[in-house]
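Q:
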Amino acid sequence: MYRIAVCDDDENFLKDITQDVTAYFEKEGGYHKCVEYKSGLALLADIEDKKLYDIYILDIEMPVYSGIDITKEITQYDPTPFIIFVTSHLKYAVDSYNYNIFRFIPKSELKGRLTLALRAAFSKLDEQKENYYFISNNRRFEKISYKDILYIYKDGKNSVFVLSEQEIKVRKTLEMVYRELGTGDFIFIDRCTIVNIQLIKKIDCKAAKIKMKNGKEIDVARIRIRELMKELNSYWGKHI
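For the sequence shown, the residue numbers in UniProt numbering are 1 to 240.
#1: Count the other CB atoms, across all protein chains shown, that sit within 10 Å of the CB of Gly-67; report buried if there are 16 or more and exposed otherwise.
#2: Would you mind sorting Pro-81 into buried or exposed? The rule is 16 or more other CB atoms within 10 Å of its CB.
#3: Indicate the three-state DSSP secondary structure (helix, strand or coil) for Asn-12 in the structure shown.
#4: Counting pairs of Cβ atoms below 8 Å between the region 205-219 and the region 172-186, do you hit three or more?
#5: Classify Ala-207 as buried or exposed, calling it buried when 16 or more other Cβ atoms lie within 10 Å of its own Cβ.
#6: DSSP state of Ala-207, grouped into three classes?
#7: Which same chain residues, not among the five before or five after Asp-190, have their C-beta less than 7 Å away from its C-beta?
#8: Kindly indicate which three-state DSSP category Met-212 falls into: helix, strand or coil?
#9: Given a cut-off of 8 Å on the beta-carbon distance, is the pair Ile-83 and Tyr-65 in contact?
#10: Could you tell me which of Ile-149, Thr-22 and Met-62 sits nearest to Leu-41, measuring between CA atoms?
#11: Exposed or buried, Asn-233, counting other C-beta atoms within 10 Å across all chains shown (16 or more means buried)?
#12: Which runs of the alpha helix (DSSP H) at least 4 residues long sit entirely within the region 109-186? Give them in chain order.
#13: Can you tell me which of the three DSSP states Ile-189 falls into?
#14: Can you tell me where the beta strand (DSSP E) with Tyr-37 in it begins and where it stops?
#15: Mapping DSSP to helix, strand and coil, what is Ile-218?
#16: May I ask you to report which of helix, strand or coil DSSP gives Phe-102?
#17: Cα separation between Leu-58 and Ser-39?
#18: Evaluate Asp-54 with the Cβ neighbour count: other Cβ atoms within 10 Å of its Cβ, from every protein chain shown; 16 or more gives buried, anything less gives exposed.
#19: Out of curiosity, what's the CA-to-CA distance linking Tyr-146 and Gln-76?
#20: Please name the residue in Lys-111, Asp-49, Val-21 and Lys-27 whose C-alpha comes closest to that of Glu-36.
#21: Taking the alpha-carbon positions, what's the Lys-15 to Asn-196 distance?
#22: Using DSSP's beta-bridge definition, name the partner residues of Arg-3.
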């Protein structure tokens, strides 16, 4: 299911955009959830609570927090968001290009150009889905790039994703997370730990440790070392 945030202080345009998004899915098929925000402040509050979206459709010019202000905040949590700017004022188009905006749409051309923008955005999102792990529940929506995951370990009934600068806990078993990853880039080094094989720098067989590219060392079950070496050699042979 795709999640779309629509933010515009003009309630008429807000309804028009939501209706156009709904019409798109009625024609193209698929599931979506479109959430309306009447102010940038309301959307920012959800973003700071890590309630993120696949696509953001934002009015550039709004009181207190503009579309550009919101974009700056979004990129703190998601460095590659899909943002579509809509506005009645073409003078803001030049400024918007400084923020790697996916599309810029004048409100006078909304109906025709929004459909094209959504089709292009969803096409790229589908390509990206193979390289992201998605966390989705009633409280949050977050995507984690596979290349950012160092390793994942079991913590009771939870699985903890270890990234370079943070840890993210999800209430799922490690086996379930492994199946959902669905790629050969992750391997078990023991019953409680999965590592990203792309980020392994070396294996110290004598000490039974893996050294990751960021310098982190992780203990390995000695019974797994020989098999792990085979898997690593096979992976490097295919990718180097």
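The C-beta atom is built at its ideal place from N, Cα and C for all residues, glycine as well. Here the structure is a predicted model, which is why all the values come from computation and not from measurement.
A: Well, looking at it:
#1: Looking up residue 67 in the sequence shown gives position 67. Looking at its Cβ environment, which holds 16 or more other Cβ atoms inside 10 Å, Gly-67 is buried.
#2: Residue mapping note: residue 81 aligns to position 81 of the sequence shown, counting from 1. By the neighbour-count rule (16 or more Cβ atoms within 10 Å), Pro-81 is buried.
#3: What you label residue 12 is simply residue 12 of the sequence shown in a count that begins at 1. DSSP places Asn-12 in helix when its eight states are reduced to three.
#4: no
#5: Within the sequence shown, the letter at position 207 stands for residue 207. Counting Cβ neighbours within 10 Å, Ala-207 comes out exposed, since fewer than 16 surround it.
#6: For this step, residue 207 is matched to residue 207 along the sequence shown. Looking at Ala-207 - three-state DSSP - the assignment turns out to be coil, as it is neither helix nor strand.
#7: Numbered from 1 along the sequence shown, position 190 holds the residue referred to as residue 190. The answer, listed in chain order, is Val-220, Ala-221 and Arg-224.
#8: For this step, residue 212 is matched to residue 212 along the sequence shown. Residue state for Met-212 is assigned as strand, using DSSP reduced to three classes.
#9: Within the sequence shown, residue 83 is the residue found at index 83, counting from 1. Within the sequence shown, residue 65 is the residue found at index 65, counting from 1. Not closer than 8 Å, so no.
#10: Position 41 of the sequence shown, counted from the first residue, corresponds to residue 41. Of the candidates Ile-149, Thr-22 and Met-62, the one whose C-alpha sits nearest the C-alpha of Leu-41 is Met-62.
#11: Indexing the sequence shown from 1 puts residue 233 at position 233. The residue is exposed, with fewer than 16 neighbouring Cβ atoms inside 10 Å.
#12: 110-128 and 174-181
#13: Here the question's residue 189 lines up with position 189 in the sequence shown. Strand.
#14: Residue numbering aside, residue 37 sits at position 37 when the sequence shown is read from its first letter. First-last of the beta strand (DSSP E) with Tyr-37: 32-37.
#15: Within the sequence shown, residue 218 is the residue found at index 218, counting from 1. Three-state DSSP puts Ile-218 in a strand.
#16: As a working note, residue 102 is residue 102 in the sequence shown. Phe-102: coil per DSSP, three-state reduction.
#17: Here residue 58 corresponds to residue number 58 of the sequence shown, with the count starting at 1. Here residue 39 corresponds to residue number 39 of the sequence shown, with the count starting at 1. So the two alpha carbons sit approximately 10 Å from each other.
#18: By 1-based counting over the sequence shown, the position of residue 54 is 54. It counts as buried.
#19: If you number the sequence shown from 1, residue 146 lands on position 146. If you number the sequence shown from 1, residue 76 lands on position 76. Those two C-alpha atoms are separated by around 18 Å.
#20: Locating residue 36 in the sequence shown gives position 36, where the first residue counts as 1. Nearest option by C-alpha distance: Val-21.
#21: Here residue 15 refers to the residue found at position 15 when the sequence shown is read from its first residue. Here residue 196 refers to the residue found at position 196 when the sequence shown is read from its first residue. Lys-15 and Asn-196: Cα-Cα distance of roughly 44 Å.
#22: If you number the sequence shown from 1, residue 3 lands on position 3. Partner(s): Lys-33.
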